[in-house]
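**Student:** Take a look at the following structure, please.
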Amino acid sequence: MPSIVSVATAVPPHQVTQQTAREYARQVFGPDIKEIDRYLTIFDNAQIDTRYLSEPPEWFTQPHSFGEANDLFIDMACKLGEEAARRCMERAQVTPDQIDHIIFVSTTGLAAPSIDARLMTLLNLGPHTRRTPIWGLGCAGGLGGLARAQEYVRAFPTHRVLLVTVELCTLTIQHNDRSKRNLVALSLFGDGAAAVLVAGDQVADQRTQPGPRIIDMQSTLFPDSLDLMGWDIVDAGFRVIFGTRIPSVVTHHYRDLATQFLALHQLTPESIDHHIYHPGGAKVLQAYESSLDLPPEALADSRAVLREYGNMSSATIFFVLERFLKNAAIQPGETGLLCVFGPGFSAELALIEG
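If you're matching positions, the sequence shown starts at 24 in our numbering and goes up one per residue.
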């Protein structure tokens, strides 16, 4: 059975407080938006204290072309991806020649050759290492990549997969977009990277610290929901799509989704020991709690990541998982349920066991 051997994360160098981000938003948007202070309450209600940016705050006060922003994406994605991957391999006590497959996930920039090819060189992976780039899953991409990794090692139980996800969300923010959805993006998104080492069952036992086993995963696409989340591709780059119904969809559908998935393993939402969810925003976390009648402390790790890093799209779920494994370490026989939502509108679920 596939195992998560190690998880590691990395962030870019520029930390910004929510108050500072709020003031920069006022500086940029204030001249064009009446009653700007009323709109800026979005920042106050986001339950975020700090975030990390690929560029200093001053960079965002001026317009930049898509080409310029994408060049910065490629450079920083390689740096952060390498940092997270090296840390992940060190924790797993594996060497580059022991990696059989690298999967790279992102939805905030474009590159050909893709970032996984560049990471192969930076990490000194073998020339015959299999590689898979995944683009377009947004916040769901972390578990989407994990699903492909665990499928691979089920087929090749002597292999190891290095999953790397890098999201530089702030580079996509549109300077000339004065919409409320762009203000939401300014108040919510940060930049970060994560790496996960997944091993097949014939090599997983060689590690020194047992990690959780991946029991099952499930993907779901909701009908008639393409307009809820994603990008519009415009001349200036990626323009964010946020549907106001997102928290409502989570509230009304997550219990049925989780119940159906867990029933395949004779489990219920109430029998799960740990809930490890992507903090897409404060309202999304509240929707999870409402749907499953969870106490606030059940999502403490998710709230802490949101507070310290903001929403880093696909990388965020692994910041939560890393924190959980460090703070609580899933015990033998305990179960954990991981969930993310993303463009489509879609969901990815993972059931893990200690």
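By construction, the Cβ of each residue, glycine as well, lies at the ideal position given by its N, Cα and C atoms.
Just so we're clear, the structure is a prediction, and the values are computed from it rather than from any experiment.
Give the straight-line distance between the Cα atoms of residue 121 and residue 325, rounded to the nearest whole angstrom.
**Tutor:** If you number the sequence shown from 1, residue 121 lands on position 98. If you number the sequence shown from 1, residue 325 lands on position 302. Taking the straight line joining both Cα atoms gives about 32 Å.
**Student:** If you drop the 5 nearest sequence neighbours on each side, which residues of the same chain put their C-beta closer than 6 Å to that of residue 210?
**Tutor:** Translated into positions along the sequence shown, residue 210 becomes position 187. So the qualifying residues of the chain are 65, 66 and 69.
**Student:** At what residue ranges does the region 257-306 contain a whole run of the alpha helix (DSSP H), taking only runs of 4 or more?
**Tutor:** 269-286
**Student:** Where residue 348 and residue 354 are concerned, what is the direct C-alpha to C-alpha distance, given to the nearest angstrom?
**Tutor:** Working through the sequence shown from its first residue, we reach residue 348 at position 325. Working through the sequence shown from its first residue, we reach residue 354 at position 331. Within the model, the alpha-carbon separation for residue 348 versus residue 354 is close to 10 Å.
**Student:** Counting pairs of Cβ atoms below 8 Å between the region 79-91 and the region 195-205, do you hit three or more?
**Tutor:** Output reads yes: the region 195-205 touches the region 79-91.
**Student:** Tell me whether residue 255 is buried or exposed, calling it buried when 16 or more other Cβ atoms sit within 10 Å of its Cβ.
**Tutor:** In the sequence shown, residue 255 corresponds to position 232, counting from 1. Result: exposed.
**Student:** Should residue 114 go down as buried or exposed, given a rule of 16 or more other Cβ atoms within 10 Å for buried?
**Tutor:** Here residue 114 refers to the residue found at position 91 when the sequence shown is read from its first residue. Classification for residue 114: buried.
**Student:** Determine contact between the region 239-251 and the region 210-226, defined as no fewer than three beta-carbon pairs at a distance below 8 Å.
**Tutor:** no
**Student:** Let me confirm a value: residue 149 is counted as buried when at least 16 other C-beta atoms fall within 10 Å, else exposed. Which label applies?
**Tutor:** If you number the sequence shown from 1, residue 149 lands on position 126. The residue is exposed, with fewer than 16 neighbouring Cβ atoms inside 10 Å.
**Student:** Quick one: residues in its chain with C-beta nearer than 6 Å to the C-beta of residue 38, no 5 flanking neighbours on either side, listed in chain order?
**Tutor:** Indexing the sequence shown from 1 puts residue 38 at position 15. Close CB contacts of residue 38 within its chain, under the 6 Å cut and outside five residues either way in sequence, are with 73 and 75 (chain order).
**Student:** Whole alpha helix (DSSP H) runs in the region 333-366 with 4 or more residues, listed along the chain?
**Tutor:** 339-350
**Student:** Which residue from 250, 285, 156 and 132 puts its Cα closest to that of residue 261?
**Tutor:** For the purposes of this step, residue 261 is taken as residue 238 along the sequence shown, with counting starting at 1. Ranking the options by Cα distance to residue 261, first place goes to 132.
**Student:** If residue 188 and residue 337 are in contact, beta carbons under 8 Å, what's the gap, nearest whole angstrom?
**Tutor:** Translated into the one-based positions of the sequence shown, residue 188 becomes position 165. Translated into the one-based positions of the sequence shown, residue 337 becomes position 314. That belief holds up - the Cβ atoms of residue 188 and residue 337 are roughly 5 Å apart, short of 8 Å.
**Student:** Kindly provide the ranges of any alpha helix (DSSP H) runs that are 4 or more residues long and lie completely inside the region 116-151, ordered along the chain.
**Tutor:** Counting only runs of 4 or more, we get 138-145.
**Student:** What separation, rounded to the nearest whole angstrom, lies between the Cα atoms of residue 142 and residue 117?
**Tutor:** As a position in the sequence shown, residue 142 is number 119, starting the count at 1. As a position in the sequence shown, residue 117 is number 94, starting the count at 1. Going by the C-alpha atoms only, they are around 16 Å apart.
**Student:** Considering only the beta carbon of each residue, do residue 162 and residue 363 sit closer than 8 Å?
**Tutor:** Residue mapping note: residue 162 aligns to position 139 of the sequence shown, counting from 1. Residue mapping note: residue 363 aligns to position 340 of the sequence shown, counting from 1. With respect to the 8 Å criterion, residue 162 and residue 363 are classified as neighbours on the basis of their beta carbons.
**Student:** Count the other CB atoms, across all protein chains shown, that sit within 10 Å of the CB of residue 178; report buried if there are 16 or more and exposed otherwise.
**Tutor:** By one-based count along the sequence shown, residue 178 stands at place 155. Residue 178 is exposed by the Cβ-count criterion.
**Student:** Out of 166, 320 and 285, state which residue places its alpha-carbon closest to the alpha-carbon of residue 340.
**Tutor:** Translated into positions along the sequence shown, residue 340 becomes position 317. Considering only 166, 320 and 285, the residue with the shortest C-alpha distance to residue 340 is 166.
**Student:** Using DSSP with H/G/I as helix, E/B as strand and the rest coil, what is residue 314?
**Tutor:** The residue given as residue 314 occupies position 291 in the sequence shown. The answer is helix: DSSP assigns residue 314 an H, G or I state.
**Student:** Using the rule of at least 16 other Cβ atoms within 10 Å of the residue's Cβ for burial, across every protein chain shown, is residue 123 buried or exposed?
**Tutor:** Within the sequence shown, the letter at position 100 stands for residue 123. So residue 123 counts as buried.
**Student:** Indicate the three-state DSSP secondary structure (helix, strand or coil) for residue 217 in the structure shown.
**Tutor:** Along the sequence shown, one-based indexing puts residue 217 at 194. Looking at residue 217 - three-state DSSP - the assignment turns out to be strand.
**Student:** If distances are taken between C-alpha atoms only, which option among 315, 316 and 308 comes closest to residue 323?
**Tutor:** One-based indexing of the sequence shown puts residue 323 at position 300. Out of 315, 316 and 308, 308 has the C-alpha closest to the C-alpha of residue 323.
**Student:** Roughly how far, in whole angstroms, is the beta-carbon of residue 295 from the beta-carbon of residue 359, given that I think they are within contact range, below 8 Å?
**Tutor:** Here the question's residue 295 lines up with position 272 in the sequence shown. Here the question's residue 359 lines up with position 336 in the sequence shown. By a beta-carbon distance limit of 8 Å, residue 295 contacts residue 359. Their separation comes to about 7 Å.
**Student:** Excluding the five sequence neighbours on either side, which residues of its own chain have a C-beta within less than 6 Å of the C-beta of residue 327, listed in chain order?
**Tutor:** Reading the sequence shown from its first residue, position 304 is the one you call residue 327. Hits under 6 Å: none found.
**Student:** Cβ of residue 265 within 8 Å of Cβ of residue 369?
**Tutor:** The residue labelled residue 265 in the question sits at position 242 within the sequence shown. The residue labelled residue 369 in the question sits at position 346 within the sequence shown. Contact: no.
**Student:** Are the CB atoms of residue 310 and residue 343 nearer to each other than 8 Å?
**Tutor:** Sequence index remark: in the sequence shown, residue 310 carries index 287 (1-based). Sequence index remark: in the sequence shown, residue 343 carries index 320 (1-based). No. Outside cutoff.
**Student:** Considering only their Cβ atoms, is the gap separating residue 89 from residue 208 smaller than 8 Å?
**Tutor:** Walking along the sequence shown from the start, residue 208 turns up at place 185. Walking along the sequence shown from the start, residue 89 turns up at place 66. The Cβ atoms of residue 208 and residue 89 do not sit closer than 8 Å to each other.
**Student:** For the ligand ATP, any of its heavy atoms closer than 7 Å to the Cβ of residue 83?
**Tutor:** This structure lacks the ligand ATP, and indeed carries no ligand of any kind.
**Student:** Pick from 299, 42 and 314: whose alpha carbon is nearest that of residue 321?
**Tutor:** Position 298 of the sequence shown, counting from 1, holds the residue named residue 321. With distances taken between Cα atoms, residue 321 lies closest to 299.
**Student:** Can you tell me whether residue 375 is helix, strand or coil according to DSSP?
**Tutor:** Locating residue 375 in the sequence shown gives position 352, counting from the first residue. The answer is strand: DSSP assigns residue 375 an E or B state.
**Student:** Have a look at 217, 53 and 147 and flag the residue whose alpha-carbon is nearest the alpha-carbon of residue 108.
**Tutor:** Residue mapping note: residue 108 aligns to position 85 of the sequence shown, counting from 1. Checked all of 217, 53 and 147; the closest Cα to residue 108 is 217.
**Student:** Residues in the same chain with beta-carbon distance under 7 Å from residue 35, minus the five sequence neighbours each way, listed in chain order, please.
**Tutor:** Start at 1 with the first residue of the sequence shown, and residue 35 comes out as number 12. Here the set comprises 75, 76, 77, 99, 103 and 214.
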